[in-house]
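Quick look at the structure:
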């Protein structure tokens, strides 16, 4: 553990509590310190004002420094700016200077530049496009630190443009030799994917390959990136499950394990079979690991698995028990962090297995009293699932005491919402006594300064509307609320609690027939103070005043109390004008409308006309709750085009008319949510009637779910409220504010009585039945079902259209940036999906025109051309792979570990064994694909590096022609394996004699290239051995079925191909010919003739030279570097056939031997250990050839593995010949 | 993913701020202030996680912090990170700083502004993840130390 080795200041004291925290307390108050780089002006800023002045001084100075040419000064200035940026000062004005510093050649400056850029550049920075080339240069810098700093910086400010332009460069870096770079490149790919989603598919195979990188850092980076991708779009990554599974069972890196386990948590909901497979190894990990973090994540994922397995697993209760048990240990831990996380995970179990969690209620309630708010909040979450009919009242009572005690509105608000959540969950399932609930809600209104007034209001409305039996009680409570002054007063303090008045007014109005004292309520609603309420509440007040008025009229007219009725009318006429002057348009409009109505009624009343009937007809009928998404879910009927014009639009001039509407539009949404639809009363009433009629006639109209409890409420109308069985022990009208506590007590008594009754009944029954033995035990185990609610609760379900679609698509956010990454990764790559490659030429390589040509061809055309060619063949192949792959996954998933013998270790082992066994099929192909991509890249990289070396060597080692023929298309540099040249090698030449006569000597070499599959290039060196001038040279070959000379367009198969040069005496030159090969598994010979005219002083003669071109199998191999991990994977796949040769009597050193094999047979050394080496090569048709070369005392044995056995045995035979010469 | 890394002192003065998504300077300062406000009033013996990430990103985010000496190390992370993992990461981060600068104290962060500055979030993770700290208390198996900071002295 780290400790202070020296104290920078005397007086600093460091505490190491629990041996865990590094540094804890520094006693000396630190000065307001400025970094030395910033010590610009003397003096320390003391006040804000002088600070601002000081900073502006600094900035002025920095600006001066930035103007200087000295890069060191500039870098220092930028460094200061970065610091200022952290303090909150805008430095975007210096963006260009930052780029200047970024392009400094010295690393220390470059780093400062990139740091500044990463801090302040973003997509809106316009100069950012200037950085593209600089970054590209840095990425390909020979110094890994330049590359690293560029990658790091780029990750912070990558834009879509940068991502597109640099994706290919970064992808190349993913195969860099340094793990430091690979790791960074892998990580930054995530940012690139986000900005340029098209890059995901081309880059994914390589990313996947990095999952098995030998370096743990790179591996963990790849895991991180894939986890992050998979978290957003898990279904696309299911096919990786076997690979991750393997990693999970093999990795010992806890960081990686945590990530993988978290990823599995995201994948299991999509594939329950995966979950089944995971349970065993995860359980093992839970038992074995000592790392809390890993344990916790395992538990979390097991929970996710259990959630995804609905109930298919017989023994998953054991797993749940294990999880809950472990979590309990966490929660009981003294470490608050573990406690917190334990609660967090517990809440996940709760959703599916509430029973197992409910057993730990004591623990949760205890946590409610914790001093740590985070923990209390988590405990609150848990409570949600712990309630039952039995304990709801008790728990809520406890919460209410917390509400009173709570300091800080955040926590109190949280408590409030939790209480409401708990009570209202699943259609008020746990509430047995709604009077109690209403009184709780009313008590909650006393909370000062809560933001959640509207929540309480919504609950009140909901309960009053949906629980018909409670209306009478609700109305009495609401009228009391209307009367209470504090709510109205609070409106001036901009508190949200006055929202409950909205509900109170509406309930009193709508259910006015239940009001004992309607007049009192009416007066309360007409008080002058009401005008201080928010507009939308006033509007509701106005509307409901009329409802109350209608009720009173009716009541009074029935009692023939015209006097009072007229007084009430008069009251309205007097008080309504205050609303007419309301600032809220809605309130104003309604008020003036209603005022006119009331005045009219007044006139009628004066004439003694009975009006009550007509006025109350305005509000006849009943409002039913409608589900919030009901309208959306009605499918559009067939043949209805909602976009089609019903009437053609008239003209443009109409658009002006729409403007005024917009004014109201802004106001509308706010009301729309809370207010029940009350457009125009008469119209509404009419519609209501119509609707009722229609519903009555519609046999499909379902008013509520046909649960037996609710069946009796079919008859519509207010008059048909079901007979309520109200417990008489509960006083119906609680004077003043009811205390919910009363209910708790009453409820207990009630339940007790109920139990007694039930027991009595049961006993009687039993006696009657006289079969007592079997069912009698449930006497004191009161279960939830036994508790009957106090009221016959009639919860009206929300209305949904009968053909509603059960979709929840409207929950998706269309702006989610991760949506773009929802890409199917298993589909084969299409031609169009290539990363853009840098198009312009590299100035450095253009020394000679021919060289440049070669490099450009290599660089640009290699991949695309090859792809195009291969694509068609491959497509079919890939489709097959596709099917196989998914079949593989299915198979992998279906091999569940044996469940019968649950020996603790076995399943894990078993799983680990089965996994690799199944994988190779899919994996090997991937490996093949990946290697392919790799190989396409690497040669060019390597070649570039080797060019210099090769040039030097070639002149020494080889009898190389002095002048070279202009390259023909598809020319490939003969590649030597330079990596081995540590000690001097004997001169080697791959050129062998083709034919010779007195005029001319022909030597040749055959080279395959990966760019052109099934093509080889034959380089023929023609040496003039005579004193004649040789010209009109033509080469012709008798094509075989298997090999054909590529002739110029338009020539027939028998035409000769001209050699594009003439040979003066003593001169040699090289010509190249391309041959197309069908099958490469066997060697073959082609007969051919070179014809030429030899001209000397005596005249010219027509000469011919016959030759036999020998295409060895070796010549179809192309030197291809291979990393040991890829090599190992290849061999692991097991699809290669094997063969071996042994050659005795070899004296050559192993080093030279390998060099020889490399040189003559186009292999590269993968790994060498002492006198044993693994080698790799690849045929032009993509066969992998792997060798294991071992040197004994005087013998060499070569074991080979290849995807084609014939090819292998031929290559080995050829190799034997070579070795025999050693 | 790690969204934000902040280091500030007892007075809320930031010594290192790294936002992995672009925010305006004002938002950054606001975030630092509010984070400081949230963190500084917490007792020593309460848990190191805070929710209610209205500041950055939304409800998916969590604040995970550790308090060393005069410094608060605060990470805003989303739900893809393991909480305990991040705590360990902070620990390793501090230990790394300690190793690089010998006895990390507030002043080091001030002196070496450019060196302590972190790159990409994931990078930061892996940089620290790959440091070999055999004596790590929680016995985390981590790769080799050849990353980032240890190499820097040679460039001075």
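Residue numbers (this note's numbering), protein chains in the order written: chain P, 98 to 1319; chain S, 2 to 157.
Every residue, glycine too, gets a C-beta built ideally from N, C-alpha and C.
Start-to-end residues for the beta strand (DSSP E) that takes in residue i
{"i": "residue 1114/P", "result": "1112-1121"}
{"i": "residue 76/S", "result": "72-78"}
{"i": "residue 1100/P", "result": "1097-1105"}
{"i": "residue 1202/P", "result": "1196-1208"}
{"i": "residue 15/S", "result": "15-20"}
{"i": "residue 1185/P", "result": "1181-1193"}
{"i": "residue 646/P", "result": "Premise fails: residue 646/P lies in the alpha helix (DSSP H), 632-655, not in any beta strand (DSSP E)."}
{"i": "residue 330/P", "result": "Element bounds for residue 330/P: n/a, residue is neither H nor E."}
Closest Cα partner of residue i within the set the options
{"i": "residue 920/P", "options": "297/P, 268/P, 151/P", "result": "297/P"}
{"i": "residue 557/P", "options": "599/P, 248/P, 423/P", "result": "599/P"}
{"i": "residue 1265/P", "options": "197/P, 1106/P, 1250/P", "result": "1250/P"}
{"i": "residue 1258/P", "options": "1161/P, 1276/P, 1241/P, 432/P", "result": "1276/P"}
{"i": "residue 701/P", "options": "688/P, 679/P, 732/P, 667/P", "result": "667/P"}
{"i": "residue 157/P", "options": "1239/P, 464/P, 174/P, 209/P", "result": "174/P"}
{"i": "residue 366/P", "options": "332/P, 1130/P, 320/P", "result": "332/P"}
Buried or exposed by the 16-neighbour rule on C-beta atoms within 10 Å, applied to residue i
{"i": "residue 527/P", "result": "buried"}
{"i": "residue 849/P", "result": "exposed"}
{"i": "residue 27/S", "result": "exposed"}
{"i": "residue 907/P", "result": "With a pLDDT of 45 at residue 907/P, under the threshold of 50, the modelled position of this residue cannot be trusted; read the value that follows with caution. Exposed, since its Cβ has fewer than 16 Cβ neighbours within 10 Å."}
{"i": "residue 1286/P", "result": "buried"}
{"i": "residue 274/P", "result": "exposed"}
{"i": "residue 1191/P", "result": "buried"}
{"i": "residue 271/P", "result": "buried"}
{"i": "residue 486/P", "result": "buried"}
{"i": "residue 1269/P", "result": "exposed"}
{"i": "residue 214/P", "result": "buried"}
Interface flag, residue i vs chain S, CB-CB below 8 Å
{"i": "residue 195/P", "result": "no"}
{"i": "residue 1166/P", "result": "no"}
{"i": "residue 352/P", "result": "yes"}
{"i": "residue 499/P", "result": "no"}
{"i": "residue 1279/P", "result": "no"}
{"i": "residue 393/P", "result": "yes"}
{"i": "residue 552/P", "result": "no"}
{"i": "residue 309/P", "result": "no"}
{"i": "residue 526/P", "result": "no"}
Test: residue i CB closer than 8 Å to a CB of chain P
{"i": "residue 133/S", "result": "Legend: pLDDT at residue 133/S = 30, less than 50; position of this residue unreliable, value from coordinates given subsequently. By this cut-off, residue 133/S is not an interface position."}
{"i": "residue 75/S", "result": "no"}
{"i": "residue 115/S", "result": "Residue placement at residue 115/S is poorly supported in this model, since its pLDDT is 48, which falls under 50; the coordinates still yield a value, given next. Judged by the 8 Å Cβ criterion, residue 115/S is in contact with chain P."}
{"i": "residue 5/S", "result": "no"}
{"i": "residue 89/S", "result": "yes"}
{"i": "residue 66/S", "result": "no"}
{"i": "residue 41/S", "result": "no"}
{"i": "residue 50/S", "result": "yes"}
{"i": "residue 13/S", "result": "no"}
Segment limits, alpha helix (DSSP H) that includes residue i
{"i": "residue 704/P", "result": "First-last for residue 704/P: undefined, no H or E at that position."}
{"i": "residue 495/P", "result": "489-502"}
{"i": "residue 509/P", "result": "506-525"}
{"i": "residue 384/P", "result": "369-385"}
Closer than 7 Å: residue i CB and nearest the ligand MG heavy atom
{"i": "residue 36/S", "result": "This structure lacks the ligand MG; in fact it carries no ligand of any kind."}
Quick check on the DSSP output: what are the complete beta strand (DSSP E) runs of length 3 or more inside the stretch 1236-1292 of chain P, in order along the chain? 1261-1266, 1269-1276, 1281-1288
In chain order, what are the residue ranges of uninterrupted beta strand (DSSP E) at least 3 long that sit wholly in the stretch 412-469 of chain P? none
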